[in-house]
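Using numbering that gives the first Met the number 0, count along the sequence shown one by one with no gaps and you end on 376.
Don't be surprised by glycine CBs; every beta carbon is placed ideally from N, CA and C.
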Amino acid sequence: MEALILSCSTGGGHNAAAKALKTELESRGHHVVMMDPYELVSKKLAKEIGSTYVKMVQFSPRMFGFIYTLGNLFRLMPVNSPVYYANIAVAKKLGEYLKENPTDIIISTHLYPAELITYLKKNKKKLPPSIYVATDYVCIPFTEETNCDYYVIPGVAQARNFMHRGIPEDKLVPLGIPVSEEFESHMTKAEAREKLGLEPMRKYLLLAGGSIGAGHIDKTIDNILKYFDKNLIYAQMIVITGNNEKLYRKLQKKYGRNIILIKHTDEMAAYMRACDVFISKPGGLSSTEAAVAGVPCIHMAPIPGCESHNVRYFQKKGMSIRVNKQGWTMRAALKKLDKPKEVEKMLEKQKSGIPSDARIKICDFAEYLVAKNRSVK
0 MEALILSCST GGGHNAAAKA LKTELESRGH HVVMMDPYEL VSKKLAKEIG STYVKMVQFS
60 PRMFGFIYTL GNLFRLMPVN SPVYYANIAV AKKLGEYLKE NPTDIIISTH LYPAELITYL
120 KKNKKKLPPS IYVATDYVCI PFTEETNCDY YVIPGVAQAR NFMHRGIPED KLVPLGIPVS
180 EEFESHMTKA EAREKLGLEP MRKYLLLAGG SIGAGHIDKT IDNILKYFDK NLIYAQMIVI
240 TGNNEKLYRK LQKKYGRNII LIKHTDEMAA YMRACDVFIS KPGGLSSTEA AVAGVPCIHM
300 APIPGCESHN VRYFQKKGMS IRVNKQGWTM RAALKKLDKP KEVEKMLEKQ KSGIPSDARI
360 KICDFAEYLV AKNRSVK
């Protein structure tokens with residue numbers, strides 16, 4: 000089977016989901032091409048699209064929230080969005096690529112490639128089966144104007160929201176958000192700590208702001224360190240800043256050896272396994288990874304938009320604790336998760352609420368669609 004997986008570098012979650020599917024399909028002997036379709040125009044364009052998004056989220060999350068709100072308002076209008084029209088040139092390039100490089104299935108883990116597929120379909124281009132994989136626990140703006148053959152959503156609980164936005168029920172496939180196999184491995188906490196060179200008996204808190212290092216991380220660190228002084232003297236904080244070089248330098252200068260500071264890492268699954276509590280913004284992919292890894296989770300204030308829906312869903316299901324203020328609520332959350340019974344309760348909720356094998360089921364579904372399409376021919 001020839002598979003094409005399309006993603007974009009607007010945050011790490013879309014690419015991480017795409018890589019999880021690519022690895023699974025390749026393990027089954029299929030040939031997979033994963034690409035950012037904007038590179039078909041130029042690598043510079045692809046990089047600019049990703050960096051523009053990252054800078055907005057890092058330095059002006061309120062502006063991102065405002066744009067997300069505008070998107071929700073625009074979706075009420077009976078016309079295609081500016082996003083659709085802005086992607087026409089790239090869609091034409093994708094059409095040329097597919098003509099020269101036929102594939103059996105197209106999987107998109109980002110809205111933009113789904114818009115490209117929609118344009119090609121409207122212009123009567125013959126395409127293989129297409130699957131859109133949602134990486135947030137809500138139907139994000141403009142998903143409803145796309146026309147993929149199927150939409151993989153996080154679960155049955157999100158189906159009503161997608162249908163309300165105009166996605167036909169018979170196109171919805173509630174299989175979950177795909178994460179790398181590493182997160183569902185049976186590596187113990189002791190094994191993870193040995194692998195990472197961490198002390199076996201110390202309590203570790205893992206703090207991350209996603210791949211782009213967003214969020215009020217320094218304020219959060221201050222509050223956690225104050226809690227350590229009074230409650231968890233033999234504790235250590237691991238802070239991952241992702242690709243935010245400026246944040247890394249700032250924290251290094253401010254905290255020095257008081258924290259373990261890490262930039263981008265390929266060992267995120269091991270760090271989650273090794274820690275006692277994971278504290279992060281509520282990204283759809285990172286939250287799913289934490290639930291699959293089985294680590295108690297505290298969600299910081301979300302970036303306005305889809306993350307607001309993510310945290311609401313996780314909190315409602317008892318799969319995380321939401322911290323609204325940076326003061327006593329963080330300390331209250333840490334105190335709660337210092338109780339074994341509370342931790343056990345949350346882990347059970349995560350296990351029952353989040354499928355760990357989504358990547359397997361999605362790849363099963365992709366194989367089924369390809370086989371079905373071939374039999375029709």
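| task | Inspect the beta-carbon positions of Ile-130 and Pro-153 and report whether they are closer than 8 Å. | result | no
| task | Grab me the residues of Ile-320's own chain with a C-beta within less than 6 Å of its C-beta, minus the 5 sequence neighbours each way, in chain order. | result | Ile-297 and Ala-332
| query | Within 10 angstroms of its Cβ, does Asn-243 collect 16 or more other Cβ (buried), or is it exposed? | reply | buried
| request: Report back the beta-carbon spacing between Lys-188 and Ala-273 to the nearest angstrom; my notes put them in contact at under 8 Å. | output: Confirmed, Cβ separation roughly 6 Å.
| said: With distance defined between alpha-carbon atoms, name the residue in Glu-25, Phe-161, Ala-269 and Asp-148 nearest to Thr-142. | reply: Checking every option, the nearest Cα to that of Thr-142 belongs to Phe-161.
| query | Sorted by chain position, which residues of the same chain lie with C-beta nearer than 6 Å to Ser-6's C-beta, five sequence neighbours on each side aside? | reply | His-13, Asn-14, Ala-17, Thr-108 and His-109
| field | Cα-Cα separation, Val-155 to Asn-309 | value | Spanning the two alpha carbons is a distance of roughly 15 Å.
| message | Do Thr-134 and Leu-284 have their beta-carbon atoms positioned less than 8 Å apart in this structure? | response | A contact, by the Cβ cut-off of 8 Å.
| For Tyr-270 and Ile-261, the rounded distance between their alpha carbons | 11 Å
| What is the residue span of the alpha helix (DSSP H) that Tyr-312 lies within? | Counting along the chain, the alpha helix (DSSP H) containing Tyr-312 begins and ends at 305 to 315.
| query | Are the stretch 168 to 185 and the stretch 355 to 372 touching, with three or more C-beta to C-beta distances below 8 Å? | reply | Yes: the two stretches touch, three or more of their Cβ pairs being nearer than 8 Å.
| Under the DSSP definition of a beta bridge, which residues are partnered with Pro-173? | Ile-152
| What did DSSP end up calling Val-82 once you bin it into helix, strand or coil? | Three-state result, Val-82: helix.
| Residue from Met-186, Asn-100 and Arg-201 whose Cα sits closest to the Cα of Lys-194 | Met-186
| query | What residue from Leu-126, Ala-90, Lys-121 and Gly-94 has the CA that sits closest to Tyr-377's CA? | reply | No answer is possible for residue 377: it lies beyond the span of the chain, which begins at 0 and ends at 376.
| task | For Glu-95, name the three-state secondary structure that DSSP assigns. | result | helix
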